[in-house]
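Student: Here it is: the structure, laid out below.
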Amino acid sequence: MNSKTVSRRRVDSVSLIRIMDKGAGSLLCHMLGILGKKREIPKEIKKIALIKFFGFGNVIMISPFFKLLKQIFPNAKLILLTLTGNKKLASFYKTIDKVIDINLSNPVLIPSKILNAIDKLRNEDIDVIIDFEQYSRTSAIISFLSNARFGVGFSLDKNPRCLLYDKTIECNENKHMIKQFHKLVSIITTKRNEDIELEKIEYTNNDIKFVDNLINGVMRKIVVLHVGNGPNAPEKRWPTERFVELAKRLDDRKLRIAIIGSDQDKKEVEIFKSKFNSEYIDVYNRLTIPQLAYFLTKANVFVSADTGPAHLAASVDVPSVVLYGPSTPTIYGSWGKNVHHLYTNLWCSPCGTNKNSHEYICINRIYQKCMLDISVNKVEKMVLEIMK
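Heads up, the sequence shown is in my numbering, so the first residue is 64 and it goes up one at a time.
Quick look at the structure:
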């Protein structure tokens, strides 16, 4: 490590899961890999299982392939295996027939929860399982033990997960993940959809009425801010004080600020509210996912760090300014025609990659320098350019 760097490693439940995955997971991959035999794609595909664990935004990123698979295999049952935190989001995609979830809230119970998920998959009699995880050994093990007739997934340098699939593609650190997900799906079909679009969350007339009542009477153009970033990657946060300053400047320009967020963003939202004294639209923790999707369509601009709501905003085509530092938009950028990325590409960027299991450990002498280098001036300028 460079003498000018400082490593800051967190120890939390997610970190412990990563440690177990690398240790016991790698050992199991090697052991099970001895038993594996490469098989051919089934001639008839009636049930397809998909795996995607961490991240609200990651589920949105694989959503184009729910629809694509349904188009190619219209009579097939689509089953998504994800984490409990994503279950509600997944349930709003009409192309998904069943959601199986794994609850990681209690680390002691994780092995039993995984075994339970494997049992549910085995009961489905799956023809093909597609593992969208890039580095997880656990997902590869689940895929192998699911009794699916054919399994596909990513291979990664020095990661034994590739031993457990019938067919793999190499995970490319220089190519957007949506394009790589597309390539993965293409293993089981020759049909490709070059115009990849995120699947939209459907909202009801009641959702529309509820949101319209919230913004009734607002005459100004709306700028939506997501000031939080959840607990898993604090390195990706843009300072709350800068969101406050941005909001003050935009308010001075007669724009209406709106705040969104969930329970995980409580600390940042409370700081924002205590320091921003002008009128704003407060929908923090008040909207369902479909209501949030519709609410975002009413925004003129959306501003956020690299978070799940940024991907949701992209899915409804709202013009967005998304801030990156520890992650790179080259691989994980919100996918859409109206997305504008601000990325500080320092010598240490990105610190979270597929090869290190997205363990964001800031090694710069100035903690979070990549995000601190994104000034309020830069963000304000981009917002105003979009508003022209």
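Beta carbons: idealized from backbone N, C-alpha and C, even for Gly.
Identify whether Ser-126 lies in helix, strand or coil by the three-state DSSP scheme.
Tutor: Looking at Ser-126 - three-state DSSP - the assignment turns out to be coil, as it is neither helix nor strand.
Student: Considering only DSSP beta bridges, list what Thr-267 is partnered with.
Tutor: Answer is none; Thr-267 lacks a bridge partner.
Student: Between the alpha carbons of Ile-352 and Leu-152, how many angstroms are there, rounded?
Tutor: Straight-line Cα distance between these residues: approximately 7 angstroms.
Student: Can you check whether the CB of Gly-88 is closer than 8 angstroms to the CB of Arg-200?
Tutor: Contact flag set, yes.
Student: Assuming the contact rule is C-beta atoms closer than 8 angstroms, Thr-416 and Glu-236 should be a hit. Round their C-beta distance to whole Å, please.
Tutor: Right, their Cβ atoms sit about 6 angstroms apart.
Student: Going by DSSP in three states, Gly-415 sits in which element: helix, strand or coil?
Tutor: Residue state, collapsed to three classes: coil.
Student: With distances taken from CA atoms, which of Ala-376, Gly-371, Arg-349, Leu-178 is nearest Leu-359?
Tutor: Checking every option, the nearest Cα to that of Leu-359 belongs to Ala-376.
Student: Just the C-alpha distance for Phe-129 and Lys-106, rounded to the nearest angstrom, thanks.
Tutor: Computed Cα separation, rounded: 20 angstroms.
Student: Would you give the residue range spanned by the alpha helix (DSSP H) that Tyr-357 belongs to?
Tutor: That run of the alpha helix (DSSP H) goes 352-360.
Student: If the criterion is Cβ atoms closer than 8 angstroms, does the pair Leu-131 and Asp-160 meet it?
Tutor: Their beta carbons are not under 8 angstroms apart, which means Leu-131 does not touch Asp-160 by this criterion.
Student: What residue does the alpha helix (DSSP H) around Lys-150 start on, and which one ends it?
Tutor: Per DSSP, Lys-150 belongs to the alpha helix (DSSP H) from 147-154.
Student: Rounding to the nearest angstrom, what Cα-Cα distance links Thr-158 and Glu-265 in this structure?
Tutor: Roughly 11 angstroms between the two C-alpha positions.
Student: Could you check whether the Cβ of Pro-297 sits closer than 7 angstroms to any heavy atom belonging to the ligand GDP?
Tutor: Ligands are entirely absent from the displayed structure, and the ligand GDP is therefore not among its contents.
Student: Please report the straight-line C-alpha distance between Pro-389 and Asn-440, rounded to a whole angstrom.
Tutor: If I take the Cα positions, the gap works out to 20 angstroms.
Student: Following the continuous beta strand (DSSP E) through Val-346, name the residue where it begins and the one where it ends.
Tutor: No beta strand (DSSP E) contains Val-346, which DSSP labels as neither H nor E.
Student: Only counting runs of 3 or more residues, tell me where the beta strand (DSSP E) segments fall wholly within the stretch 181-242, in order along the chain.
Tutor: Whole beta strand (DSSP E) segments, 3+ residues: 191-194, 213-218, 230-233.
Student: Fully enclosed by the stretch 304-328, which beta strand (DSSP E) runs are 3 residues long or longer?
Tutor: You should have 319-323.
Student: Considering only DSSP beta bridges, list what Ser-367 is partnered with.
Tutor: His-289, Val-385.
Student: What residues in its chain sit with their C-beta under 8 angstroms from that of Cys-234, if we drop five residues either side in the sequence?
Tutor: Cβ within range, chain order: Gln-197, Tyr-198, Phe-217, Ser-218, Leu-219, Gln-243, Asn-417.
Student: Under 8 angstroms Cβ to Cβ from Met-445, same chain only, skipping five residues before and after it: list those, please.
Tutor: These residues qualify, in order along the chain: Val-384, His-403, Leu-405.
Student: Starting from Lys-444, trace the alpha helix (DSSP H) in both directions and tell me its first and last residue.
Tutor: Counting along the chain, the alpha helix (DSSP H) containing Lys-444 begins and ends at 439-450.
Student: Please classify Tyr-423: is it buried, with 16 or more other beta-carbons within 10 angstroms of its beta-carbon, or exposed?
Tutor: By the 10 Å Cβ count, Tyr-423 comes out buried.
Student: Go ahead and label Lys-451 buried or exposed: buried means 16 or more other beta carbons lie within 10 angstroms of its beta carbon, across all protein chains shown.
Tutor: That one is exposed.
Student: How is the alpha helix (DSSP H) around Lys-432 delimited, first residue to last?
Tutor: Note, Lys-432: alpha helix (DSSP H), 432-435.
Student: Quick one: give me the first and last residue of the alpha helix (DSSP H) that Leu-172 is part of.
Tutor: From DSSP, Leu-172 is part of no alpha helix (DSSP H); its letter is neither H nor E.
Student: Taking a contact to mean a Cβ-Cβ separation below 8 angstroms, would you say Ala-362 touches Val-381 in this structure?
Tutor: Result yes, Cβ atoms of Ala-362 and Val-381 sit closer than 8 angstroms.
Student: Roughly how many angstroms lie between the CA atoms of Thr-391 and Pro-413, to the nearest whole one?
Tutor: Cα-Cα distance, rounded: 6 angstroms.
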